[in-house]
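Participant:
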Amino acid sequence: MIAPRRRFVWELDWNLLRTFMVIAEEKSLTAAGDRLSLKQPTISNALRRLEEHMACRLIERSANHFRLTPAGERLQGACLTMFDLASGLPDLVSDDPDQVTGHVDMAFASHIECPFLDRFLAEFHQTFPRVSFSTTVLSSQDVTEAVLANDACLGICLSQEKQPELDYRPLYREHFGFFCGPGHPLFGRQDVAVSDLATLDYVSFRTDHPQGALAPIARLRRRENFNGHVAGLFTNLEEVKRLIKIGFGFGPLPIHVVSAEVAAGELWQLPPYDNPPAVDVYVVNSPRAHRSKAETLLLEKLIAAIDMVPLAERTYPQSLVEPAK
Numbered sequence: 001m002i003a004p005r006r007r008f009v010w011e012l013d014w015n016l017l018r019t020f021m022v023i024a025e026e027k028s029l030t031a032a033g034d035r036l037s038l039k040q041p042t043i044s045n046a047l048r049r050l051e052e053h054m055a056c057r058l059i060e061r062s063a064n065h066f067r068l069t070p071a072g073e074r075l076q077g078a079c080l081t082m083f084d085l086a087s088g089l090p091d092l093v094s095d096d097p098d099q100v101t102g103h104v105d106m107a108f109a110s111h112i113e114c115p116f117l118d119r120f121l122a123e124f125h126q127t128f129p130r131v132s133f134s135t136t137v138l139s140s141q142d143v144t145e146a147v148l149a150n151d152a153c154l155g156i157c158l159s160q161e162k163q164p165e166l167d168y169r170p171l172y173r174e175h176f177g178f179f180c181g182p183g184h185p186l187f188g189r190q191d192v193a194v195s196d197l198a199t200l201d202y203v204s205f206r207t208d209h210p211q212g213a214l215a216p217i218a219r220l221r222r223r224e225n226f227n228g229h230v231a232g233l234f235t236n237l238e239e240v241k242r243l244i245k246i247g248f249g250f251g252p253l254p255i256h257v258v259s260a261e262v263a264a265g266e267l268w269q270l271p272p273y274d275n276p277p278a279v280d281v282y283v284v285n286s287p288r289a290h291r292s293k294a295e296t297l298l299l300e301k302l303i304a305a306i307d308m309v310p311l312a313e314r315t316y317p318q319s320l321v322e323p324a325k
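Quick note: the sequence shown uses the UniProt record's numbering, first residue 1, plus one each step.
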């Protein structure tokens, strides 16, 4: 006996979905008929058959009114997903790298700077030049949400609370230092101790707390009894850096990310110097997501590349990596 869901799939005329997609896009049965080179009665009949098959109304229409019902909107979304997957089928079965095409959507946290990742992406582009990319910059929490919602093939971010539906792979480790700007009273001083920071105004990230992604920084502040006024908390590195530079207070920044600004005299590093807090940055993906061949290749090759290179070689700045014993 065929299960009801399986019977539904076998009995469905998939051309009806294509017709419905065009009707929804054109917002008119007449325009849909012109686009498909079909007469309006044929289009109307296709819509009626699909509504009978789905056992619900998909479109509300009159002479001056056209609107998808909530069920029609949901079906349109599902059709978009199905047609997107179908468009990638030729690439999925092709063994010719030159024929791999497609687009990869990624979501990055605001301060991703990783030479290892840059080299990987450059090599991937050389091998698969017809694959295009786009990146959305978000807070780490929003990166995770984008991957969960399948709005991004993968995310690169810090991890606050790991979602059980997602896979997390450490991409690199970065060390955070404390920095101040040119107008700060400690700027340019070589004789500063960690204790000198305890009562000073502070600027940081919203995840700088014991349960947050920047918990190592929060633990250091607690250990050293930092109790200065918190002048600002942000989700974006550029905003934290901006307020540090203009004198709102001192704050944490990834050492390797701001090295050029330190060299240019725009920032000054404060202690501790020898053992600054380290934070891991992760590649995040959903194992259950439906991916195109381009997305699958990118993720598989990136994970393979990560597994081949020890984390010590993906730690920044390299000057803080302890030599292997």
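A virtual CB, placed ideally from N, CA and C, is assigned to each residue, including glycine.
Kindly indicate the opening and closing residues of the beta strand (DSSP E) around Asp105.
Facilitator: By one-based count along the sequence shown, residue 105 stands at place 105. Residues Gly102 to Phe108.
Participant: Just to confirm, are Leu36 and Met106 a CB contact at a threshold of 8 Å?
Facilitator: Position 36 of the sequence shown, counted from the start, is the residue given in the question as residue 36. Position 106 of the sequence shown, counted from the start, is the residue given in the question as residue 106. Against a cut-off of 8 Å, the Cβ pair of Met106 and Leu36 comes out as no contact.
Participant: So, does the CB of Val240 fall closer than 8 Å to a CB anywhere in chain E?
Facilitator: Considering every chain present, this structure includes no chain E. It has just one protein chain.
Participant: Taking the DSSP output, what are the residues bridged to Arg18?
Facilitator: Indexing the sequence shown from 1 puts residue 18 at position 18. Per DSSP, none; premise fails for Arg18.
Participant: For Pro287, which residues in the same chain have their Cβ closer than 6 Å to its Cβ, ignoring the five residues on either side in sequence?
Facilitator: As a working mapping, residue 287 is identified with position 287 in the sequence shown. Answer for Pro287: Asp167, listed in chain order.
Participant: Three Cβ pairs or more, each shorter than 8 Å: is that satisfied between the stretch 167-184 and the stretch 250-269?
Facilitator: The stretch 167-184 is in contact with the stretch 250-269.
Participant: Do you know whose CA, among Ala218, Val203 and Ser28, lies nearest Pro210's CA?
Facilitator: For this step, residue 210 is matched to residue 210 along the sequence shown. Looking at the Cα atoms, Ala218 is the closest of the given residues.
Participant: Could you give the first and the last residue of the continuous alpha helix (DSSP H) run that contains Arg48?
Facilitator: Taking the first residue of the sequence shown as position 1, residue 48 is located at position 48. That run of the alpha helix (DSSP H) goes Gln40 to Met54.
Participant: Assuming contact is defined by CB atoms lying nearer than 8 Å, are Pro216 and Pro272 in contact in what I supplied?
Facilitator: As a working note, residue 216 is residue 216 in the sequence shown. As a working note, residue 272 is residue 272 in the sequence shown. The answer is no: Cβ separation not under 8 Å.
Participant: Can you tell me the Cα-Cα spacing of Ser139 and Leu117, whole angstroms?
Facilitator: For the purposes of this step, residue 139 is taken as residue 139 along the sequence shown, with counting starting at 1. For the purposes of this step, residue 117 is taken as residue 117 along the sequence shown, with counting starting at 1. Computed Cα separation, rounded: 19 Å.
Participant: Taking the continuous beta strand (DSSP E) assigned at Ala278, which residues delimit it?
Facilitator: In the sequence shown, counting from the first residue as 1, residue 278 sits at position 278. Where Ala278 is concerned, the enclosing beta strand (DSSP E) stretches over Ala278 to Asn285.
Participant: Could you pull the DSSP bridge partners for residue 361 from this structure?
Facilitator: In the structure displayed, the chain extends from 1 to 325; residue 361 sits before or after that span and is not available.
Participant: Considering only residues of the stretch 203-279, which uninterrupted beta strand (DSSP E) runs meet the minimum length of 3 residues and lie entirely inside it, listed in chain order?
Facilitator: If we require 3 residues or more, the beta strand (DSSP E) runs fully inside the stretch 203-279 come out as 230-234, 251-254 and 268-270.
Participant: Reducing DSSP to helix, strand and coil, say where Ser28 ends up.
Facilitator: Counted from its first residue, the sequence shown places residue 28 at position 28. Looking at Ser28 - three-state DSSP - the assignment turns out to be coil, as it is neither helix nor strand.
Participant: Whole angstroms are fine: how far does the CA of Gly188 sit from the CA of Glu266?
Facilitator: Residue 266 sits at position 266 when you count from the first residue of the sequence shown. Residue 188 sits at position 188 when you count from the first residue of the sequence shown. Taking the straight line joining both Cα atoms gives about 11 Å.
Participant: Who are the Cβ neighbours of Leu121 in its own chain at under 7 Å, not counting the five residues just before and after it?
Facilitator: Numbered from its first residue, the sequence shown carries residue 121 at position 121. For Leu121, where only same-chain residues beyond five positions count, there are no Cβ hits under 7 Å.
Participant: For Glu60 and Cys79, what's the separation of their Cα atoms in angstroms?
Facilitator: Taking the first residue of the sequence shown as 1, we reach residue 60 at position 60. Taking the first residue of the sequence shown as 1, we reach residue 79 at position 79. So the two alpha carbons sit approximately 19 Å from each other.
Participant: Helix, strand or coil: which one does DSSP assign to Ile112?
Facilitator: In the sequence shown, residue 112 corresponds to position 112, counting from 1. It is coil, neither helix nor strand.
Participant: Is it buried or exposed, Ser195, if we count other Cβ atoms within 10 angstroms and call 16 or more buried?
Facilitator: Translated into the one-based positions of the sequence shown, residue 195 becomes position 195. Exposed, because fewer than 16 other Cβ atoms sit within 10 Å of the Cβ of Ser195.
Participant: Ends of the alpha helix (DSSP H) at Val143?
Facilitator: One-based indexing of the sequence shown puts residue 143 at position 143. Where Val143 is concerned, the enclosing alpha helix (DSSP H) stretches over Ser140 to Leu148.
Participant: Can you give me the Cβ contacts of Ala260 inside the same chain, cut-off strictly under 7 Å, excluding the 5 residues immediately before and after it?
Facilitator: Here residue 260 refers to the residue found at position 260 of the sequence shown. Counting only Cβ-Cβ distances below 7 Å, and skipping sequence neighbours, we find nothing.
Participant: Would you list the residues sitting across from His65 in a DSSP beta bridge?
Facilitator: Along the sequence shown, one-based indexing puts residue 65 at 65. Ser62, per the DSSP bridge assignment.
Participant: Rounded to whole angstroms, what is the Cα-Cα separation between Leu158 and Leu148?
Facilitator: Locating residue 158 in the sequence shown gives position 158, where the first residue counts as 1. Locating residue 148 in the sequence shown gives position 148, where the first residue counts as 1. Those two C-alpha atoms are separated by around 15 Å.
Participant: Helix, strand or coil for His175, going by three-state DSSP, please let me know.
Facilitator: As a first step, residue 175 must be located in the sequence shown, where it is residue number 175. It is a strand residue.
Participant: What are the partner residues of Phe133, as DSSP defines its beta bridges?
Facilitator: Taking the sequence shown and counting its residues from 1, one reaches residue 133 at position 133. Answer by DSSP bridge pairing, in chain order: Val104.
Participant: Tell me whether Arg169 sits in a helix, a strand or coil according to DSSP, three-state version.
Facilitator: By 1-based counting over the sequence shown, the position of residue 169 is 169. Note: Arg169 maps to strand in three-state DSSP.
Participant: Going by C-alpha to C-alpha distance, which of Ile23, Glu113 and Pro41 sits closest to Tyr282?
Facilitator: One-based indexing of the sequence shown puts residue 282 at position 282. Among Ile23, Glu113 and Pro41, the Cα nearest to that of Tyr282 belongs to Glu113.
Participant: Taking 8 Å as the cut-off, decide whether the C-beta atoms of Asp201 and Phe248 are in contact.
Facilitator: Taking the sequence shown and counting its residues from 1, the one referred to as residue 201 is at position 201. Taking the sequence shown and counting its residues from 1, the one referred to as residue 248 is at position 248. Yes, these two residues count as a Cβ contact at 8 Å.
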